[in-house]
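Chemist: Questions regarding the structure given below will be posed in turn.
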Amino acid sequence: MTTKRVLSIIGLSVVGILLLVAVFTSWYTVDESEQAVIITFGEAGEPVTESGLHFKMPWPIQKAEVMSKETYSLQFGYDQNAEGEVTSYDKETKMITGDENIVLTDLVVQWKITDPKKFLFNAEDPREMLHDATSASIRSIIGSSLIDDALTSGKAEIEAETRDLLSSLIEEYDIGISVLAVKLQDVELPNEEVRAAFTNVTDARETMNTKINEANKYENQKRNEALGEKSAINSRAEAQKVERVEQATGDVAVFDKLYAEYEGNPEVTKQRLIMETLESVLPDAKLYIMNDDEGTMKYLPLGEMQTVVPPAAEEETEEGGGN
1 MTTKRVLSII
11 GLSVVGILLL
21 VAVFTSWYTV
31 DESEQAVIIT
41 FGEAGEPVTE
51 SGLHFKMPWP
61 IQKAEVMSKE
71 TYSLQFGYDQ
81 NAEGEVTSYD
91 KETKMITGDE
101 NIVLTDLVVQ
111 WKITDPKKFL
121 FNAEDPREML
131 HDATSASIRS
141 IIGSSLIDDA
151 LTSGKAEIEA
161 ETRDLLSSLI
171 EEYDIGISVL
181 AVKLQDVELP
191 NEEVRAAFTN
201 VTDARETMNT
211 KINEANKYEN
221 QKRNEALGEK
231 SAINSRAEAQ
241 KVERVEQATG
251 DVAVFDKLYA
261 EYEGNPEVTK
271 QRLIMETLES
281 VLPDAKLYIM
291 NDDEGTMKYL
301 PLGEMQTVVP
311 PAAEEETEEG
321 GGN
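Residue numbers for the sequence shown follow UniProt numbering, beginning at 1 and rising by one.
What follows is the structure, encoded as structure tokens:
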């Protein structure tokens, strides 16, 4: 075999290989959950988000970088493999709270790629930058929080503040990432002895809160009862006030009428008032009115002083009369 023929075979082989490379690298596909960036001689173009089959110049002229549009999860402080086994990194999660207590804090950050071009070219390792920013953010927020808040009711606020701080850092880094959510997984004390002591403190605080709530409930109950009794007393007093005012008004009206009559005929009115008063004071008494020689009026309750005449005496009187 001559040298010319060997070179010809080599040349044809190279051309064939280049054709195959051109055929297999001149197209790419984008799924509905993906986005792509075409890199032409190291320069990135606009993101391609339309799904389907796309064509480009063959490699090495153009290269397609396909990335997911779905949400990623960054596990901070632990790692979970496909079998569900969890590996904790206590050195990474050990933090100091604002009241100088040590806690272990791990969390999950949900994020997505919003600008593939910046994600590829504005940072050498955007995931590592996100991890470092997450560490700085959670340490800053935990460092300004109390241990009670971190372990109990303040977790939601810590998550929100960490998300806001992390989002501002990532926006400042401008690496094409958007932080969606921050979720605390475990916030716990470093050893069993400290956990037991804190549990006792928590139980005592819960007991205290329970007693306070019971006392407040009793106080509210008694206050409501007192207010109800006060309202009833006020209502009765108001009713008596109205009744007495109306009675006094009626008495005034009666007095005004009597006074008018008294001015017209004082003697007759005076005698009538005396007789009405005696009738009201002695309702069961029998009154006998007698005139003496001087013309004065005397009122004698003689009914109670009358002697009852026996029936026998009455008969004797009648017989004597007959004779």
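Note that the Cβ used here is the ideal one computed from N, Cα and C, for glycine as well.
Starting from I61, follow the alpha helix (DSSP H) in both directions and report where the run begins and ends.
Modeler: Position 61 of the sequence shown, counted from the start, is the residue given in the question as residue 61. Premise fails: I61 is in no alpha helix (DSSP H) and is neither H nor E.
Chemist: How is the beta strand (DSSP E) around Y78 delimited, first residue to last?
Modeler: Here residue 78 corresponds to residue number 78 of the sequence shown, with the count starting at 1. 78-80 is the span of the beta strand (DSSP E), which, as asked, contains Y78.
Chemist: Drop a sphere of 10 angstroms on the beta-carbon of A312, count the other beta-carbons inside from all chains shown, and report buried for 16 or more, exposed for fewer.
Modeler: On the sequence shown, position 312 is the one that residue 312 refers to. With a pLDDT of only 48 at A312, under the threshold of 50, the placement of this residue in the model should not be trusted, and no figure is reported.
Chemist: I175 by DSSP, collapsed to three states: which one?
Modeler: Your numbering for residue 175 matches position 175 in the sequence shown. I175: coil per DSSP, three-state reduction.
Chemist: Might you give, ordered along the chain, the residues of its own chain that have their beta carbon closer than 7 Å to the beta carbon of R5, omitting 5 neighbours on each side?
Modeler: Residue 5 sits at position 5 when you count from the first residue of the sequence shown. The answer is none, since no qualifying residue turns up.
Chemist: Roughly how many whole angstroms lie between the Cα atoms of G228 and E219?
Modeler: Within the sequence shown, residue 228 is the residue found at index 228, counting from 1. Within the sequence shown, residue 219 is the residue found at index 219, counting from 1. Each residue's Cα considered, the two are about 14 Å apart.
Chemist: Buried or exposed, going by whether 16 or more other CB atoms sit within 10 Å of the CB of F255?
Modeler: For the purposes of this step, residue 255 is taken as the residue at position 255 of the sequence shown. Burial call: exposed.
Chemist: Exposed or buried, which one is W59 when buried takes at least 16 other CB atoms within 10 Å?
Modeler: For the purposes of this step, residue 59 is taken as the residue at position 59 of the sequence shown. W59 comes out exposed.
Chemist: Taking contact to mean 3 or more Cβ pairs, one atom from each stretch, closer than 8 Å, check whether the region 200-213 and the region 154-171 are in contact.
Modeler: Because the criterion of three Cβ pairs below 8 Å is not met, the region 200-213 and the region 154-171 do not touch.
Chemist: My assumption, with CB atoms under 8 Å, is that Q62 sits in contact with V48. Please give the rounded CB distance.
Modeler: As a position in the sequence shown, residue 62 is number 62, starting the count at 1. As a position in the sequence shown, residue 48 is number 48, starting the count at 1. That belief does not hold up - the Cβ atoms of Q62 and V48 are roughly 12 Å apart, past 8 Å.
Chemist: When burial is assigned at 16 or more other CB atoms within 10 Å of the CB, is T93 buried or exposed?
Modeler: Sequence index remark: in the sequence shown, residue 93 carries index 93 (1-based). With 16 or more other Cβ atoms within 10 Å, it is buried.
Chemist: Would you mind reading off the limits of the alpha helix (DSSP H) that contains K118?
Modeler: For the purposes of this step, residue 118 is taken as the residue at position 118 of the sequence shown. For K118, the uninterrupted alpha helix (DSSP H) segment begins and ends at 116-121.
Chemist: Evaluate the contact criterion for the region 150-160 versus the region 118-127: three or more CB pairs, one atom per stretch, below 8 Å.
Modeler: no
Chemist: Contact between the region 109-117 and the region 70-89: three or more CB pairs below 8 Å?
Modeler: Counting Cβ pairs under 8 Å, three or more are found: they touch.
Chemist: Quick one: any contact between the region 177-186 and the region 201-208, if contact means 3 or more CB pairs under 8 Å?
Modeler: no
Chemist: Below 8 Å between beta carbons: does that hold for P126 and I175?
Modeler: On the sequence shown, residue 126 is found 126 positions in, with the first residue counted as 1. On the sequence shown, residue 175 is found 175 positions in, with the first residue counted as 1. Going by C-beta atoms, P126 is nearer than 8 Å to I175.
Chemist: If L165 and I142 are in contact, beta carbons under 8 Å, what's the gap, nearest whole angstrom?
Modeler: In the sequence shown, counting from the first residue as 1, residue 165 sits at position 165. In the sequence shown, counting from the first residue as 1, residue 142 sits at position 142. In fact, because the Cβ distance is near 11 Å, the residues do not count as touching under 8 Å.
Chemist: Whose C-beta lies closer than 7 Å to the C-beta of E263 among residues of the same chain, with five residues either side of it excluded?
Modeler: Reading the sequence shown from its first residue, position 263 is the one you call residue 263. So the list is empty, once near-sequence residues are dropped.
Chemist: What number of angstroms, rounded off, separates the C-alpha of E279 from the C-alpha of N234?
Modeler: Locating residue 279 in the sequence shown gives position 279, counting from the first residue. Locating residue 234 in the sequence shown gives position 234, counting from the first residue. Their backbone Cα atoms lie some 38 Å apart in a straight line.
Chemist: Do you know how far the Cα of Q240 is from the Cα of V281?
Modeler: Translated into positions along the sequence shown, residue 281 becomes position 281. Translated into positions along the sequence shown, residue 240 becomes position 240. When rounded, the distance between both Cα atoms is 26 Å.
Chemist: For I102, which beta-bridge partners are listed by DSSP?
Modeler: Counting from one through the sequence shown, the residue named residue 102 turns up at place 102. According to DSSP, which records beta bridges pairwise, I102 is partnered with I96.
Chemist: Among T97, T134, G77, R236, which residue has its Cα nearest to the Cα of S167?
Modeler: Here residue 167 refers to the residue found at position 167 when the sequence shown is read from its first residue. Ranking T97, T134, G77, R236 by Cα distance to S167 puts T134 first.
Chemist: What do you reckon, are the CB atoms on E261 and T269 nearer than 8 Å?
Modeler: Translated into positions along the sequence shown, residue 261 becomes position 261. Translated into positions along the sequence shown, residue 269 becomes position 269. Yes; because the gap between Cβ atoms is below 8 Å, this pair is in contact.
Chemist: Just reading off the beta strand (DSSP E) that T134 is part of, what are its end residues?
Modeler: Position 134 of the sequence shown holds residue 134. Element bounds for T134: not the beta strand (DSSP E) but the alpha helix (DSSP H), 126-143.
Chemist: What does the alpha-carbon distance come out to for the pair Y78 and M95?
Modeler: Stepping through the sequence shown from its first residue, residue 78 is reached at position 78. Stepping through the sequence shown from its first residue, residue 95 is reached at position 95. Their Cα atoms are separated by approximately 15 Å.
Chemist: Quick check on R223: buried or exposed, where buried means 16 or more other Cβ atoms within 10 Å of its Cβ?
Modeler: One-based indexing of the sequence shown puts residue 223 at position 223. So R223 ends up on the exposed side.
Chemist: Apply the 10 Å Cβ neighbour rule to D106 and answer buried if 16 or more other Cβ atoms are within range, or exposed otherwise.
Modeler: Taking the first residue of the sequence shown as 1, we reach residue 106 at position 106. D106 comes out buried.
Chemist: If you reduce the DSSP assignment to three classes, tell me which class Y89 lands in.
Modeler: Translated into the one-based positions of the sequence shown, residue 89 becomes position 89. Y89 falls in the coil class under three-state DSSP.
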